[in-house]
Structures are given as C-alpha cells and as structure tokens.
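Novice: Our numbering numbers the first residue of the sequence shown as -10 and each following residue consecutively.
Think of the CB as a built atom: it goes at the ideal place given N, C-alpha and C, for glycine as much as any other residue.
To start, I am sharing the structure in question, which I have written as structure tokens.
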Amino acid sequence: MKIRNYILPIVLLFSSCQKEEKIPDSLFELLSEDLTGVSFRNDLAYSEKINPYTFRNFYNGAGVALGDINNDGLLDILFAGNQTSNRLYLNQGNLKFKDITQSAGLESTGYWSTGVSMADVNGDGLLDIYVSKSGPKGGEKRHNELFINQGDLTFSERSKEYGLAEEKLSQHAVFLDFDKDGDLDLYLLANSGRSVGIFDLREGQRETRDPDGGNKLFRNDSTIFTDVSESAGIYGSAIGYGLGVTVADLNQDTWPDLYVSNDFFERDYLYLNNQDGTFSEVLPETLNEISMGSMGADIADLDNDTRPDIFVTEMLPADMARVKTKTPFEEWDKYQASVKAGYHHQFTRNTLQRNLGFKPGTKEPVFTEMSRQTGMDATDWSWGALIFDADNDGWKDVFVANGIVKDLTDFDFVDFYVNNQKKVDGYRADSILLTKMIDAFPSIPQQNYWFKNLGNWQFENQAATQGLDQLTFSTGSAYGDLDNDGDLDLVVNNLNERAFIYKNTSRENGSGNYLQVDLGDAFGAQVTCFADSNTFYQEFQPVKGYMSSVDPRLHFGLGKITQLDSVKIQWPNGKTSLLKNIAVNQILNPDQVDAILLEENFTTPNTLLSLSDKEIPFTHYESDFVDFDRDRLRFWMITNEGPKPAKADVNQDGLEDLFIPGAKGQSSSLLIQENGGKFRNSQAALFQKDSLAEDVIAYFFDANGDNAPDVLVGSGSVEYGANSPLYQDRLYLNDGKGNFVKSDQIFSSLPTSFILSTDLDQDGDEDLIIGSRSIPFAYGIPTGIQVWENDGKGNFLNISSKFGEAIQSLGMLTSGAIADLDEDGKQELIVAGEWMSIRIFTLSKDEIIEKTSEFGFTETRGLWNCLLVEDINGDGKPDILAGNWGLNSRLKSSEKSKLRMVINDFDQNGTLDDILVSYDGTSSIPWVLKTSLVKQIPSLRKQLLTYSSYQNKSLEELFPESVMSKSLLLQADLLETSLWINEGNGKLSKSPLPNEIQASPIFAIYALPSESGAATLLFGGNQSRIKPELGGQMGSYGWVLKPSQKNQWKSLLPEQSGLFVPGEIRGILSIKIEKEPHIITLRNNEKPLVFKIQ
C-alpha cells in the first residue's frame, strides 16, 4: 500500500513563531478582518415586499463551505450570502485570505443563496461547488448553480447541463454515493412556498408530492443527474419544511443513510438505505422523541463506541425569562392530535439521540433521546450544529450557532398588534404595515454555545470562557484546519455582522495530539483508530452542519496518545485497509490500491434474556382521563401508574399463575397457566363487575389461613371524586382450587399505591399495610399508610389510629417494602413517594417508630416511583434501590436552585393551586407560563398585564407574605434513581449507578440472582403523560445492570442483554413457564412482553 505521510511543514512552525505573541488562554481566538482579509458580511434589510412575513425563511441565514479548490494543501472559504453576493476566499497561508469571487466567476449579487456544498462532482480531482438558491423568484440565475472547477481558480456554471438547475426554495444539498457506484449523487432539501398554517395537521399529506417544491434525490448517471425521488422512497411533500439534512451510516452496514430535520409541524425523516437504490423511512419506529421545529443537525460518535449519534437543534432558550416571553408550546390536546395524525412525538427542545446499537437479534438501530440529561437541550434559536474534537482531547465536542435577528414570537408584541387594530389599519393604509411591525420586535443577539465533552455523556457549555463570548446572530458554520497546525479552526457566517474566523489554539497550548486522514473523494469511507482499549471513529461525509461543508480531511483528537496501534479504513467499494503502528501528529493520505475484501463475520452475542414466543393474553388499555383538565398547573399525570402484577400458584398444580390489574373501564385478569406454557383467562365475569375501578396493583397472600393464595386488588389513580367507593380495594378469597369469590370486606376509599403484608401483631396471620397515593382534587396534600389487622379468617379492621396521626400524613406514597435493615430482629417499613424523603419506620405490635434520621435518609426528598429492598450485593444484608424521576428532564434540583411545589388556594376559590417553582434561597420562580397561570388564578391578570412583567416574577412578589406563609412547600433534593448499600449496624451508604439508568423515570426494578452473589438488576420505566413544555420522558427500553466490581454495576446495551421493551414499563416479575425461568414486563397501555432467562 502507498501511504504518503505529510508531517507538518517546519516552515509553518517558523512562520507562526516569528512574533513572540502571547498564546491566548482561551481555546478559540477571534481573528480580526485586518489579519485575515475576510470582510464578508451577510447583511439583511427588510421591506414591505420582502420580509419575514412574505418570505418565511428571511432570517434563516446562509452557509459556509471549506475546501481546497486549488489542491495547494490549504483550505479555502466560500460564504453564501442572502442579499449580498457569495464570496470565495483563497487561503494564502498563515490565516490570510484573498477575495477571488469576481475572477472565479462566482458573483451572485441579486440572488438569495442559502446552502453551499463542495465536492468533486465530475471526478477530475478538483472540488466543485453547488449553491442552493431561495428567496424571491425571477432572474436569469435564480436556479441552483453547479460550478465546475476549471483548475485555474475559475469555475464554469453547468447546473442545467447536469440536470441540477432547480428553481425552488432550496435550503441545502448534500452529496453522497447512495448506490455505491463510485460517483456522487445528490439529495436536495427544498421547501414549499405555501403558507404553513393551511395544512392543519391533516393525515396523509406526507405521501403527496409537491410539484412546486419538496425534497429530491438525484442519481448521478455519469453526465446528468436523474430525479429518482419517488422510486427511491423519498418524501417530497409540501409539508416537509426541511432545514437540515445529514448523511451517515446509522445501522453499521457501510451504506449511507439520511436524516432530514423538518421545521414546523412535520416530523423529521430517518431514511435507512436498502442497498438496492431505495430507502425505508423508519423514524417512528426508531426514535421515541424528536425536536418540534428541527433546524440544523450533525451526526458523529460522541462516546467513542464507534456508533454515530444524532444531534438536532431547535429553539428552546436556556433562560427562563426568554422561555416565558418568546417560546410557544403545544397544549396537551393539540399534542395528542398531532401524534394521532402521524406527526410523532415532537417537543420544543434540541434532541440528542444516543445510538444504543441494535435491537436484539436484528440489524435495526436503537436510539435513546438524552439531550436534557446532558444539558444540551436548550440553546435558544439555534441553527448550525457541529460535532468535532475542538481541544484534541479525544472526545468530540458540540458547537451550536444561534440567534434570530428579530424575536418574531415575542408574545407581548404579537398581542400588541392583535389588540391595536386601528394602528394596524393605519400602517396598512400607508403601505408600511409589515416594516413597522418588524421594526418594533426586539432584536437581542445571542452567544453561541460550545459544549466540552467531559466523557461519560457529561457536557459543559464553556463558550464564555473559551473565546466564544461574542453576541451575534449566527447561522451557518464549519470547522477546518485553516492553518494546518493540527487543530480545527472555526468559521461562522453571521447575519448583520462580519463573518467570524476563530483560530484554534489547542496545539499552541499543547492540549493534545491528533491524526488527520485525507480520503480524497471517497464519500462514505469509515475510519477507526485503535490505541490500547480506545477507539476513535469517523465517517467521511463533509457536507454537513447547517447549509455548510466542513474540512474534507477527517480530524482525530487523540489526547495524550503518542502512537496508534492501527487505523482501519473501510472504503465505499467494500474493501478494507489496515494500517499499523501509526505515528500521531501527521496527515495520512492513503489510497485504495492494496485494500482487501474482508469477510463479514456477524455473530449474535449471547444474551441474558431472549424474547419469548410465549404470549400473555392481556393488553392493558389506559383510560383517556386527562389530569390536566382538572389540575391545570400540574405538569405530569399520575393516572397511568399501573399495572403492577402479582404471581402465585392459585390452583396448586405446580404452575405459576398471574393476576394483572386493569385500568378504568377494563376488568382485571386472573390468568391460569396451563401445560404447554399457555395462559387462560379465568373468572372474567367476576372481575368484570368492578371494571370501572382503576386497578393499579395486585397482591397475593393468605388472607384466611387456609394456605391458599388469596388476592387483594388495589384501586388507585385520582379519576373519581374524593371518597368514591371505586377507590376501595377488593379482596378475593381462593377456595384452594383457583376459584375466587369476592369478600364482603370493605377497605378505605383512598386511592392505593402499594400493598404489603406482615404478621404485625405476631398472632400467626398476615396483617396489611396499605399505602395511599394521593387525595383526589388535592394533589400534593400528604396522605399516608393504613394498618389493617387480620382476625385470622380474612376479616380486617383498620387500626391505623392506634399508631397516631403521623403515619396518615407521610406524603404522596408510591411504593413500600418491609425488611430488617439493622438486623436487630425487628422489621422496618420503608416507604417512598412524590415530593418526599424515603422514610423508614421500625414496626412493632404496638407502635410504629420513625427512624428516617437514624438511617440517614432525611435529605432524600425526591419524586420516587418505586422501591426494591433486597440483598443486592450478596452480603446477606438488605439494601435499598429506589426508582426516581431521573435526570433526563428540564427539571433540575441543586444546592443553588431547589425544585419545589408550592400549594395553596391562592385566590380563595375553593380549589388548590399547585405551582412548580425553582427556589434559589430567596425567590420562588414559577415554571408555569403566564397564560396557564392567569387562567387558573384570574385575580393575577391585573398584576400581569404583559408577558415581560411576568418573566422574572417570583411567587413572593405575586402573593403577599400572609398568603405565602400558609402555603404547603414540597421539595425535591434528589432526582436520580439511587442505590444505598447496607454496611451493617443500620448504616447505609449511597453507591453510584450507571448514568443510563437516569435517562427516564424508573417505575419497576427487579433483582435476578447471579453466580457472583451480587444480583443482576433489571430496570423499567418511562412516562409519556407529561405536558409538552417539559416533554415526555421515554429514554429507556428497559436496562439490565450486570455486577462488575464490588458494589458496582455495568449497564448492558439491548443487543448485549436481550432486553428491549418499547413503551412504559410498570411492572417486572420472574415466572416459571413450562418450568423454565422467564421475565415478564408489564406495560401501561400495551401488552406484556415475555423474555426467557438464558
């Protein structure tokens, strides 16, 4: 194999050291126009004829492309302009550039350019340029233009000859070799010219092609490009307002796939390449949650596992004041209608889709959305997204360009014009309506974001300290090594401001080594670098970001690594090159001459679990009750927390049977296991009689001492009024043969969350401890436990008052467990719930004594969903594992800002108001938006005449101290699912869990014994019924944690564990089917899934 290694020329090092300049402390240094010679500005001026109202993409900006147009080893720069001409700058070395636009033949004054792409279209070894056009129609050069490089710093426009002279509202075009025939094809992103509002979320629009717009796929047929969009399965409808398109191999089959980010109400598209000239659009089956108004995107491997991850930008501000004054969110009913109409689960935020590999036993990719967990969900009105290793530490960082010149969604200004029709009529009469309106809208430049990758999916925005603190309106951006010094510089195209060129100072500051790989025109080639246990992966797709093209040389930051063990290159033709013992800090320029074909050796890994063909004849159907219709200020529902099943051999035939609770309007089911592993529904008519109740939990125990398992069915939720008999739990007594009769026992009319049994009075029978979930119409008001004494015959007496009022006012309970935590022979009751600490009580016949403080759990207030209290680490002592809200949410709680719920009848109308706030020690800033707040508390309307008057308002300012002092304050200190290891003598210490567990709320935990003694842990959860303002939390498909070291566990990917459960898990249990161990996962509003334990 021929490899040409280009070590950095010594002359460049000398030239950079001629002046002893102080090396900046920051990573990026903004260079002056005088130094670079780059004077480009993308200035915009609106008029009555052309403005954001007549042209929706007016402020969308333009891109920038980097490429070596004359093969001198230096990257040149092309800026696209909207109302100004595109500009081509020739790199003359040492970060100095010369404007050669006119002589190169690229002048474009009078035409609205958007995206710019560089690629060798005709295969002559020279970079060509494709410019997308938009804006007003008309003019000889209004169509997209293809500039063929003539090799003498001039270009010839040949778009019509090549069949690419599209005259649409084009946004960007990406080159790719989608059919692997050795030439470059093109995907064109183009918008419809029609108004957004006319579509009204109708079904079936996606499949109808737009003759005046729409995206297109062009196949390169040597001398002309052929539109193959329809036959290839590419959508090209009028509703696809695409702003970004990114190419990457998302399913690791070496074929290029596509991700299209769509603005407005249409969902994004994810196209998987079928390897036969067609694509399958699979986003709904592949991504649980996506951005609503998707903008730019980039795809790259963020965690060095060789799997590409997807980052998409949106418009959610990080500043709550801007959220409250400028950010519209969908109402719950509108969101549900959108989902039903096929527009998927879209939310106003950036999204980061972590690649989890494959669904077990398949080659279908799996992603989980975790932008909120990483802190990258809110970057304001964001356009460009770029993933690259800026500081050469071996971890790819994320740059986001953002800012909108006019805050056109500012609620106060929108209201002003809606409510001042006379002024509007006057402006219209004078033909100055639109310009006057736009003049008045605020214009607030924003700082761009640079998220440093700290590893393990931890990111920190360091833009302000790393030289990126300028306030701008940035759109297109690109990275590249402009001065060939071994780090990636940054170029940003701004609106109404000069373009920025940032010099990267990583090499000067000695922050890390690197390797660059120049693959020529081998689009789609994949490179993996190996050094000990480290892997670094990239794919060659240089047309990316937002309307831009980046450095065509792949750049690997390597940190302190001084030599690579090997570099593997997978070429688009299916051959592979393997280079060994590669020195760092150089440019590799490999060719394909000696590449070889390697046999694909795909082996299915041995997994702990495998999906079984055994079926449970039950599907859970959650009721359509909407908590928000009753409690407007709440952000999430609590009426979808079942089913939590139970198992027992009810007919004593040696086979385990199931009882699964049904939701409101659905009867619970007793499922008897028969030979052959099938289950039959038993006594359906009996349980149908109580189908109006929302059953959430079932509990088998021997109620009447006949050694046959009876079942207590717990009814929960808050769908009925207070004290409704439909909340009463029901006891069914077993005759020992699996035949049940309903007992006459009457239980409390409080909604149930958990059921436990123990012989509390030590008389030989099982007494009951029942936890209450919430008080209907009084969310937040604490409730507690009930203690029911058994007379031995299955009759129960409520003796709760015997133990004092304290146990009846503990919190909104969700889970409970009983164990002897301190090994003193006395049992402890452990309870958890929303907005409360995990509380611990020692049980005895005559008293229940709280020991929360003694066990060290006072400061554990959280939004707890479930408990598992078992010996998890195999030392014989019970540990505590508690499922919480998780960290993948906009809601956070820290020492500086505590998450609180403030409850009061603030307007004295007889209805409790629950206001979610962030409390900084002095002020309680509400999360609820003004519109919802004044609708719930109309008396505030006079105080809050404008949105800006509310943006920073605290509850302490809205309500007098006399009112606030009477409020119930609930607080959450911890939001992460947590493990406490029992060290003996009543001491429990918190032990870390893998961060994957924090990607969603956890509602179910199960421990499987393992050979090491420590248990293998199964987690399940998710919550979809959350207002769009916060967004759903569907970041889990179930997780398996395998013991790794003492008191430590390692998460297994779905393809490693075999566990893959879409939806919302509410219960996990093990059961023997045909005498073989299985796991059953119970899902809300879905059928159960059964897994065989291997």
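#1: What residue range does the alpha helix (DSSP H) around Glu150 cover?
#2: If distances are taken between C-alpha atoms only, which option among Ser1025, Gly415, Ala108, Asp117 comes closest to Lys348?
#3: So which of Glu192, His161, Gly182, Phe400 has the shortest CA-CA distance to Leu206?
#4: Kindly indicate which residue of Ser978, Gly822, Lys85 has the alpha-carbon position closest to the one of Leu24.
#5: Which term fits Gly781, buried or exposed, when burial requires 16 or more other beta carbons within 10 angstroms of its beta carbon?
#6: Does the stretch 726 to 735 come close enough to the stretch 788 to 805 to have 3 or more Cβ pairs within less than 8 Å?
#7: Buried or exposed: Asn60, going by 16 or more other Cβ atoms within 10 Å of its Cβ?
#8: Where do the N-terminal and C-terminal ends of the beta strand (DSSP E) with Lys1061 fall, by residue?
#9: Check whether the stretch 286 to 299 and the stretch 333 to 353 touch, using three or more Cβ-Cβ pairs below 8 Å as the test.
#10: Name the two residues that bound the continuous alpha helix (DSSP H) containing Val952.
#11: Could you say which of Asp252, Leu165, Arg191 lies nearest to Leu236 if we only look at CA atoms?
#12: Taking the straight line between their C-alpha atoms, what separation do you get for Asn408 and Leu423?
#13: In chain order, what are the residue ranges of uninterrupted beta strand (DSSP E) at least 3 long that sit wholly in the stretch 756 to 792?
#14: Return the CA-CA distance between Val858 and Ile807, expressed in angstroms with no decimal places.
#15: Would you check if there are 3 or more beta carbon pairs closer than 8 Å linking the stretch 534 to 544 to the stretch 597 to 616?
#16: Can you give the Cα-Cα distance for Asp308 and Arg879, rounded to whole angstroms?
#17: What first and last residue would you give for the beta strand (DSSP E) that runs through Gln641?
#18: Quick check on the DSSP output: the beta strand (DSSP E) that includes Gln960 runs from which residue to which?
#19: Indicate whether Thr596 and Gln1045 have their beta-carbon atoms separated by less than 8 Å.
#20: If you draw a straight line from the alpha carbon of Ile686 to that of Ser250, how long is it in whole angstroms?
#21: Which residues does DSSP pair with Gln530 in a beta bridge?
#22: Compare the beta carbon distance of Asp32 and Gln81 with 8 Å and say whether it is the shorter of the two.
#23: Strictly by DSSP, which residues pair up with Ile354?
#24: Tell me which residue opens and which closes the beta strand (DSSP E) that Val556 is part of.
#25: What are the partner residues of Pro1066, as DSSP defines its beta bridges?
#26: Considering only the beta carbon of each residue, do Asn712 and Ser742 sit closer than 8 Å?
#27: Can you tell me where the beta strand (DSSP E) with Ile904 in it begins and where it stops?
#28: Return helix, strand or coil for Leu659, following the three-state DSSP convention.
#29: Can you tell me which residues form a DSSP beta bridge with Lys731?
#30: Looking only at its own chain, which residues have a Cβ that is under 8 Å from the Cβ of Arg1072, when we skip the five neighbours before and after it?
#31: With DSSP as the reference, please indicate the residues paired to Ser704 in a beta bridge.
#32: By how many angstroms is the C-alpha of Leu178 removed from the C-alpha of Leu116?
#33: With DSSP collapsed to three states, give me the class of Leu547.
#34: Report the rounded CA-to-CA distance for Gln677 versus Asp684, giving the unit in angstroms.
#35: So is Gly760 in contact with chain D if we call contact Cβ pairs under 8 Å?
#36: So what does DSSP say about Trp321, is it helix, strand or coil?
Specialist: The short version:
#1: 148 to 151
#2: Ser1025
#3: His161
#4: Lys85
#5: exposed
#6: no
#7: exposed
#8: 1053 to 1062
#9: yes
#10: 950 to 953
#11: Per the sequence presented here, residue 236 reads as Val, with Leu not at that position. Per the Cα distances, Leu165.
#12: 16 Å
#13: 756 to 761, 774 to 779, 785 to 787
#14: 8 Å
#15: no
#16: 12 Å
#17: Looking at the DSSP string, Gln641 is not in any beta strand (DSSP E), and its letter there is neither H nor E.
#18: 957 to 961
#19: yes
#20: 42 Å
#21: Paired residue(s): none; Gln530 is not in a bridge.
#22: no
#23: In the sequence as presented, Ile is not what sits at residue 354; that position holds Pro. Pro354 pairs with Phe347.
#24: 552 to 559
#25: Lys1061
#26: no
#27: 902 to 908
#28: strand
#29: Tyr721
#30: His609, Val1050, Gly1052, Glu1053, Ile1054, Arg1055, Leu1078
#31: Asp684
#32: 21 Å
#33: strand
#34: 12 Å
#35: Judged by its chain identifiers, the structure shown contains no chain D, having just a single protein chain.
#36: helix
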